[in-house]
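Numbering (the numbering used here), first residue to last: 1 to 120. Positions of the beta carbon are idealized from the N, C-alpha and C atoms, including for glycine. Working notes, beginning with the structure itself.
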Amino acid sequence: MQQDPRPWRHLYKRRACTDLARAQKAREPLCKYCLKRGFANDGSLTASGAPQASRRRRHVAADHIVPHKGDEALFFDPDNLQTLCPDDHDRNRQREELHGFSQERGPDGWPLDPRHPANR
Ligand SMILES: [Zn+2]
């Protein structure tokens, strides 16, 4: 049997998590990475600024800045959240799994992720 790679999944079902995500999106309704690219994305656009064609992806997500890996203090820390569009959220997760940080770059060519070695 395969082991669950994300055994902390149950944390997302907690009421506190839903409330936290809602508060985060109320505080920062726009995708942080898209803002750094120079446009406001409330979930109606893709990460390249084109209209979001997929209805399922027309939203923003509360993303953990420092991967919590099941650490409840990190998981429930409101300061460890940022708002991302689904495109940025997916890319971030994939690249983080490879490198431990996002390789996403802003219009000036500088990496957006505070954990990228260039920002340390
Ligand atoms: Zn975005």
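As assigned by DSSP and simplified to three states, the class of Thr46
Thr46 falls in the coil class under three-state DSSP.
Under three-state DSSP, which class holds Leu30?
DSSP places Leu30 in the coil class of the three-state scheme, outside both helix and strand.
Can you name the start and end residues of the alpha helix (DSSP H) that His89 belongs to?
DSSP places His89 in the uninterrupted alpha helix (DSSP H) bounded by Pro86 to His99.
Out of Asp113, Ala23 and Asp77, which one is the CA nearest neighbour of Asp88?
Nearest neighbour of Asp88 by Cα position, chosen from Asp113, Ala23 and Asp77, turns out to be Asp113.
Inter-residue Cα distance where the pair is Asp19 and Leu45:
A direct Cα-to-Cα measurement between Asp19 and Leu45 gives close to 25 Å.
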